[in-house]
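Residue numbers (the numbering used here): 35 to 159.
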């Protein structure tokens, strides 16, 4: 599975995951994606075959609902929570571990097509 990290994540998260052999990029690393509307970003992620990782539940849940209603596919939305994965050194490390576990458990490109899932902490079923 390939991932696109939303703009509120440090690009170092993508760097750590790429160093472990995973295909992960971030909005911050791709200047053409910075500031795109959320609906456009989910379309770009689908085009590139990347599940989108975001904590922006308020915007992306309605988009996912609308896409399902009109029968338009997306490559997956992986939701995180800033309380479980705070924007601190420790939180970033836990996020990297949890995403790594998810990528190892679901290596196929279409693992989360049309799905919205909450990311669990590393080591949790």
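Ideal Cβ positions, reconstructed from N, Cα and C, are used throughout, including at glycine.
Smallest Cα separation from residue i: which of the options?
i, options, result
"residue 35", "96, 44 and 57", "57"
"residue 87", "138, 139, 130 and 55", "130"
"residue 114", "148, 105, 95 and 82", "95"
"residue 43", "60, 76, 74 and 53", "60"
Could you pull the DSSP bridge partners for residue i from this structure?
i, result
"residue 58", "37"
"residue 150", "111"
If we ignore side chains and look at the alpha-carbon of each, how far apart do residue i and residue j end up?
i, j, result
"residue 40", "residue 62", "8 Å"
"residue 159", "residue 92", "Only weak support exists for where residue 159 lies, its pLDDT of 47 falling under 50; the value from the coordinates is given anyway. Cα-Cα distance, rounded: 25 Å."
"residue 100", "residue 108", "11 Å"
"residue 145", "residue 134", "14 Å"
Got a sec, what are the start and stop residues for the alpha helix (DSSP H) residue i sits in?
i, result
"residue 51", "45 to 53"
May I have a chain-ordered list of the alpha helix (DSSP H) segments no shorter than 4 residues that lie completely inside the region 92 to 145?
Here the runs fully enclosed are 123 to 139.
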